[in-house]
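Colleague:
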DNA sequence: GCAAGGTC
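In my numbering, the protein residues as written are 705 to 1568.
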């Protein structure tokens, strides 16, 4: 009987590649939990029946049993000795059932999981699902491949080995250690601090061996900045006029920290007044073209040059990949495989208006062999696969695609070559110099112009020549602290210290943002919050190990012993867990040291009213008084700010109003159809724009705000032209039911919707979309704001699995077919009804509100 | 409500 061979890869794309290679493209594919490809071929000299399918990453993940899931009943200390259970990572995908079904009647299993430790671990997950280990006569093989190319796949097929149990056990060890350490510390910290302070703006005060050192880097830089003491320094710069050039010379001492000494040098140089040319040197220099592009480098460029965070950059890259524009975007390798088809990839780009000429030149004159780079044995570097234009991709994806193309072309271009001339001068025993640069070969900088070497020309000098000093300048300066870490620098630090992997680095950075430990500010610099700083300073005074990057390398080192078979899995886990348990007990005992820092920053729950958001005038937290009428009170300024009644109010991230610096709040009306909107406490009470002074949902019981003519401007009425929360930015189109404007509800994901800023009209947008945002463009047909919809990959209505769609809700056929309008029957909460109906029942033209709305419409027009 | 690691 012909042998039956089941092969399993780590992801669907690899299963497809393997099946295509081994079947020569002659396979039949069918859907299942993941695709299954079938064909006939040879196996170990016999003709065989093949089936290739895949998992989707890890099949299982670890957790504590149900008995340990209750936070209040479980002492976090007990978690260290608790059992752990494995359950399916994604139960809905039914991967385990899929593998077990596909394995039925098959006698051979070939494991094509990625060739790293995690892949080895997944091998054993697959074995467990297929039940192969239990039955006799069934054989399990491991394919070891260093790239997903025909040559490597065939080579692996002819050199099948056994899966490596030790490597898999090392991953089991890491999973158990990470789970126990992370969850115990997280639960303890969260319960302790959230139970004590009212204004902690994070639901969970998490700890983790990757996320905490990541935060540590950001806080370390912050502490460096705030403890920095600037020092004055001075520099001497003689100037010369030579053959028509005025040149500023650099001092070999660079700078001095003593003005008197600097002045002394200035005087003796001035007295002499003649510089002598003592050396002229000319060197040929070169600046290397880049090696192939890997994930981490793509993320760094995306953050520093394109302004995309790692999470967004990966989403964009993933989409470009599934749509066939770029190659697989998750790779560590910067070396191209020897078989890489450079000519073919170049040809794919040679009709692109953006690079046509450059590509044609490379094709005609012959491209340069790329630098060797690093081969991590995974996927080839990220390269373009087919030509695209901005219209096909949308703005953000285009920017990323454009970089991938430029980088690829850069790797095939010559190095930049330039000559560097250095002229050295002496006067009164002091040395000065000036430097000229002349580019001889522009090379890759023509396609990556931001990396170009700057030109600086110098006149001719001769050795021994004497030149008069025209004037001497003393430049004064201050030493400056470094700036906050850029995301790109953080990624480098994480990579260098082995924190996270190319796939998980974006997740850790995202974590510390979401938990409110850091904020991304201008230039994508990461500035820690009071919470982030308090946490790290707390660890530093209790047990600095807890926030140092070494904590990760310690764990890695221990599990590597398991992977190499030098230590027993259970002994290592036991040993490491014991150490962390001791650290945990000590941390609990010493928590008051960390608490002292929290006490200085946050306010106890027991004080009346909880602290909610910061006042824009004094930058202190204001108290939220929930008793009717609910309001905010700033104790420092002694001001009261009313807010809408009968709903829930919470901090809107830590976003602030560009007009007055007050922290924004999100108010949500009750019920499933209650709209949510941002508001600035100050603008709401004292609308800054003329005409908007009608109450919107506020209580009129006296205004304590001096300038207040009234109250009532939430962000959805605000005509601010550039603030991202204003009606100008969030408004989409005119309300079909009234004179209002339909505005995007910014926190309505995944049930995205528009609501009218005057009446009850609701418009439901495509549900489950990953992101919906307004753009600055307007529909040429109807003037509505163009919106951008990022559909969910699984439910996207677009062709070829595309997810990004840009269009007008009224005129775009697809969007129009997906939106549902609903005129809410339910009345608004009483205060709102009162105000809205006041307007609606009288002639709208006579109301202040209408006037305001006209202003807004005008503002909308002015914006265009 | 919690970690980190896969992949979607």
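Even for Gly, the Cβ is constructed at its ideal location relative to N, Cα and C.
Put residue 1047 into one of helix, strand or coil per three-state DSSP.
Modeller: Of the three classes helix, strand and coil, the one that applies to residue 1047 here is helix, per DSSP.
Colleague: I need the boundaries of the alpha helix (DSSP H) containing residue 1243, first residue and last residue.
Modeller: 1234-1246
Colleague: Candidates 929, 979, 1191, 1028: which alpha carbon is nearest residue 1004's?
Modeller: 1191
Colleague: Starting from residue 1222, follow the beta strand (DSSP E) in both directions and report where the run begins and ends.
Modeller: 1222-1225
Colleague: If the criterion is Cβ atoms closer than 8 Å, does the pair residue 998 and residue 1035 meet it?
Modeller: yes
Colleague: DSSP state of residue 1079, grouped into three classes?
Modeller: coil
Colleague: Residue 961 to residue 955, Cα distance in whole Å?
Modeller: 14 Å
Colleague: Is residue 1247 near the ligand ADP - that is, is its Cβ less than 7 Å away from at least one heavy atom of it?
Modeller: This structure lacks the ligand ADP; in fact it carries no ligand of any kind.
Colleague: Check residue 1439 in the structure and name its three-state DSSP category.
Modeller: coil
Colleague: Just curious, the alpha helix (DSSP H) that residue 1165 is in, first and last residue?
Modeller: No alpha helix (DSSP H) contains residue 1165, which DSSP labels as neither H nor E.
Colleague: Alpha carbon to alpha carbon, how far is residue 707 from residue 743?
Modeller: The straight-line gap from Cα to Cα measures roughly 13 Å.
Colleague: Where does residue 1108 sit, in a helix, a strand or coil, going by DSSP?
Modeller: Here residue 1108 carries a helix assignment [DSSP, helix/strand/coil].
Colleague: Give the range of the beta strand (DSSP E) segment to which residue 1182 is assigned.
Modeller: 1170-1182
Colleague: May I ask which residues mark the beginning and end of the beta strand (DSSP E) holding residue 1431?
Modeller: Premise fails: residue 1431 lies in the alpha helix (DSSP H), 1431-1434, not in any beta strand (DSSP E).
Colleague: Classify residue 1300: buried if its beta carbon has 16 or more other beta carbons within 10 angstroms, exposed otherwise.
Modeller: exposed
Colleague: Got a sec? Which residues, its chain only, sit under 6 Å from residue 1525 by beta carbon, not counting five neighbours each side?
Modeller: 1467
Colleague: Can you find at least 3 beta carbon pairs, one from the region 825-832 and one from the region 1056-1063, that sit closer than 8 Å?
Modeller: no
Colleague: So, are the CB atoms of residue 991 and residue 1123 less than 8 Å apart?
Modeller: no
Colleague: Anyone know if the C-beta pair for residue 944 and residue 1139 falls short of 8 Å?
Modeller: Note that the C-beta distance between residue 944 and residue 1139 is not below 8 Å.
Colleague: Just to confirm my understanding: we take residue 851, look at its own chain, exclude 5 residues before and 5 after, and list those with CB closer than 6 Å. What are they?
Modeller: For residue 851, where only same-chain residues beyond five positions count, the Cβ hits under 6 Å are 1041.
Colleague: Per DSSP, residue 746 is paired with what?
Modeller: According to DSSP, which records beta bridges pairwise, residue 746 is partnered with 751.
Colleague: Helix, strand or coil: which one does DSSP assign to residue 1212?
Modeller: helix
Colleague: Could you check what DSSP says for residue 1017 in three-state terms: helix, strand or coil?
Modeller: The three-state reading of DSSP puts residue 1017 in helix, counting H, G and I together.
Colleague: Give a yes or no on contact between the region 1108-1115 and the region 963-982, applying the rule of three or more CB pairs nearer than 8 Å.
Modeller: Judged by pairs of C-beta atoms under 8 Å, the region 1108-1115 does not touch the region 963-982, as fewer than three such pairs exist.
Colleague: Assign residue 1475 to one of three DSSP states: helix, strand, or coil.
Modeller: strand
Colleague: Kindly indicate the opening and closing residues of the beta strand (DSSP E) around residue 1303.
Modeller: If you look at residue 1303, you'll find it isn't in any beta strand (DSSP E); it sits in the alpha helix (DSSP H) that goes 1295-1305.
Colleague: I'd like to confirm the pairing. Which residues does DSSP put opposite residue 843 in its beta bridges?
Modeller: Beta-bridge partners assigned by DSSP to residue 843: 812.
Colleague: Using beta-carbon positions only, say whether residue 1088 and residue 1029 come within less than 8 Å of one another.
Modeller: yes
Colleague: Using a Cβ-Cβ cutoff of less than 8 Å, which residues in the same chain neighbour residue 877 once the five nearest sequence positions on both sides are dropped?
Modeller: 1262, 1263, 1266, 1273, 1276, 1277, 1280
Colleague: What whole-angstrom Cβ distance do residue 1369 and residue 1356 have, given they're in contact under 8 Å?
Modeller: 6 Å
Colleague: Is the separation between the beta-carbon of residue 816 and that of residue 929 shorter than 8 Å?
Modeller: Judged by beta-carbon spacing, residue 929 lies beyond the 8 Å limit of residue 816, meaning their Cβ atoms are not closer than that value.
Colleague: Nearest to residue 1579 by CA position, among 780, 1391, 937, is which residue?
Modeller: For residue 1579 there is no data in the structure shown, the boundaries of the chain being 705 and 1568.
Colleague: Span of the beta strand (DSSP E) holding residue 693?
Modeller: A query on residue 693 cannot be resolved here, the shown segment of the chain reaching from 705 to 1568 and no further.
Colleague: Tell me the rounded alpha-carbon separation between residue 1519 and residue 1418.
Modeller: 28 Å
Colleague: Please list, in chain order, all residues of the same chain as residue 1244 whose beta carbon is under 8 Å from its beta carbon, the five residues on each side excluded.
Modeller: 1251
Colleague: Would you list the residues sitting across from residue 1344 in a DSSP beta bridge?
Modeller: 1337
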